[in-house]
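Participant:
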Amino acid sequence: MGSLFCHISLRFGLSNNCLSGSSTSSETEISSSDSVCSHSPEERGAIFHARNLEHFTRHPVLLLKGGYRRFSACYHFLKSHKTLWMPQELDTFQPYPVEILPAKLYMGNFKQASDKQIQKDLKIKALVNVSEQPVTLFAEEGKSLHVPVPDSLEADLFSSFPTISHFIDAQLDEGAVLVFSSLGISRSSTATMAYLMHSCRFSLQRAWKYLLKCKMNMRPNRGFVEQLSAWETQIYGYPVTDVSEPNY
Numbered sequence: 001m002g003s004l005f006c007h008i009s010l011r012f013g014l015s016n017n018c019l020s021g022s023s024t025s026s027e028t029e030i031s032s033s034d035s036v037c038s039h040s041p042e043e044r045g046a047i048f049h050a051r052n053l054e055h056f057t058r059h060p061v062l063l064l065k066g067g068y069r070r071f072s073a074c075y076h077f078l079k080s081h082k083t084l085w086m087p088q089e090l091d092t093f094q095p096y097p098v099e100i101l102p103a104k105l106y107m108g109n110f111k112q113a114s115d116k117q118i119q120k121d122l123k124i125k126a127l128v129n130v131s132e133q134p135v136t137l138f139a140e141e142g143k144s145l146h147v148p149v150p151d152s153l154e155a156d157l158f159s160s161f162p163t164i165s166h167f168i169d170a171q172l173d174e175g176a177v178l179v180f181s182s183l184g185i186s187r188s189s190t191a192t193m194a195y196l197m198h199s200c201r202f203s204l205q206r207a208w209k210y211l212l213k214c215k216m217n218m219r220p221n222r223g224f225v226e227q228l229s230a231w232e233t234q235i236y237g238y239p240v241t242d243v244s245e246p247n248y
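Quick note on numbering: full-length UniProt numbering labels position 3 of the sequence shown as 3, and the sequence is numbered without any gaps.
#1: Give the straight-line distance between the Cα atoms of V147 and S80, rounded to the nearest whole angstrom.
#2: Which of the three DSSP states, helix, strand or coil, is assigned to A176?
#3: Which two residues bound the contiguous alpha helix (DSSP H) that contains Y68?
#4: Applying the 10 Å Cβ sphere with the 16-neighbour rule, what's the burial state of D156?
#5: By alpha-carbon positions, which one of G184, C200, L62 ends up nearest to N217?
#6: First and last residue of the alpha helix (DSSP H) that includes G223?
#7: Can you list, in chain order, the residues of its chain with a C-beta nearer than 8 Å to that of S205? Leave out the 5 residues immediately preceding and following it.
#8: Using 8 Å as the cut-off, can you tell me whether the stretch 76 to 93 makes contact with the stretch 108 to 115, which would need three or more C-beta pairs spanning the two stretches below that distance?
#9: What is the residue span of the alpha helix (DSSP H) that H49 lies within?
#10: Please list the terminal residues of the continuous beta strand (DSSP E) segment that includes E141.
#11: Look at K123 and A73 and say whether their C-beta atoms are less than 8 Å apart.
#12: Mapping the DSSP letters down to three states, classify E99 as helix, strand or coil.
#13: Using three-state DSSP, classify C126 as helix, strand or coil.
#14: Between the Cα of P97 and the Cα atoms of L78, K82, T83, W85, which residue gives the shortest distance?
#15: Tell me whether the stretch 191 to 205 and the stretch 225 to 233 touch, counting them as touching only if at least three CB pairs, one residue from each stretch, are closer than 8 Å.
#16: As a quick exercise: from E99, T57, P60, pick the residue whose alpha carbon is nearest that of Y75.
#17: From T233 to M197, what distance separates their C-alpha atoms?
#18: Near S199, which residues of its chain fall below 8 Å by C-beta distance, leaving aside the five closest residues on each side in sequence?
#19: Of the residues A103, M193, V61, which one's Cα is nearest the Cα of D121?
#20: Rounded to a whole number of angstroms, what is the C-alpha to C-alpha distance between K82 and F71?
#21: Just to confirm my understanding: we take T163, look at its own chain, exclude 5 residues before and 5 after, and list those with CB closer than 8 Å. What are they?
#22: Using 8 Å as the threshold, is the C-beta distance between P220 and S186 below it?
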C-alpha cells in the first residue's frame, strides 16, 4: 500500500495524535474533496488505497503526515513487518494510550496504566490516577498522584484541578505522564482538559476540541462539564465557553 499509508486508528488506538500547541493532527483524514493533483505520486497512491480500504472497515482510515518513516522513528515499538491482519487478530490488540502532547502527556485507562510494557514503550515516568482503585503501579515513589473520584454527577474533581495541574507540570520536566481512569473516557478526559486549560491557557472550548481530536469517544459527565466551566471562570475571571450548547 505504500510507505505513506498506516491505518493507526484500527491497529494502534493512536488515531488523531495531537501536536503540542496546535490543532493539527499527525494524521490526515481522507475526504472526497481531497485534490489528488496537489499530492506527489506516492501520496496519491496512499490516498487511493486508503479510500479503497474505507469500504471494508467501520474504523476511520487516516494517512500519516511524514509517512511510515516518520511514524516508525517516533513509535518504533509499534512497527511490524506484517502486511495482512485477520479480524480476530485486530480484536486482540491492546491499544496504547492516546498521545495528548507528543512524547510528554498521555491519556488512557486503568488496564493500559497497569501494563508495564506500555509504560516502558512510552517512557512513562509519572502517573495521575483519577479512578477509585488504589492500586500501586510501576511509577517510582513520589511519581504517582491518586485522586480517588467516582464517575458520578455529584463527584468533585474541581477541588483537585490545581493539584493535578501542578503535579503534571512538575513531572513533565522529568519524563512522560499518563493520566488515566477506569475506562479512560470521563474522569481522565476531565483531568486532562483541566490541565490544558491551566498550563496551556486553553479555553474550555479549545481544550474540548483539542482532546476530541486526540480521542473521539472522550466524554466527561455533565457534572464534570460544569466543574470545567467553573475552572475556566476561575482562570479567566469570566466564563468563555457556553456549556449549555448541546456539544457539551
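A virtual CB, placed ideally from N, CA and C, is assigned to each residue, including glycine.
Facilitator: Here's the rundown:
#1: The alpha-carbon atoms of V147 and S80 are separated by roughly 37 Å.
#2: strand
#3: Per DSSP, the continuous alpha helix (DSSP H) segment holding Y68 begins and ends at 67 to 74.
#4: exposed
#5: G184
#6: Counting along the chain, G223 sits inside the alpha helix (DSSP H) bounded by residues 222 to 236.
#7: According to the sequence provided, residue 205 is Gln. The question's Ser does not apply to it. Within the same chain, Q205 has close Cβ partners V240, T241.
#8: no
#9: 41 to 54
#10: Where E141 is concerned, there is no enclosing beta strand (DSSP E), given that its DSSP letter is neither H nor E.
#11: no
#12: strand
#13: This sequence places Ala at residue 126; Cys is not what is there. Looking at A126 - three-state DSSP - the assignment turns out to be strand.
#14: Looking at the Cα atoms, L78 is the closest of the given residues.
#15: yes
#16: E99
#17: 11 Å
#18: S165, I168, D169
#19: A103
#20: F71 has its alpha-carbon roughly 16 Å from the corresponding atom of K82.
#21: Correct list, in chain order: L145, V147.
#22: If you check the CB distance, P220 and S186 come in under 8 Å.
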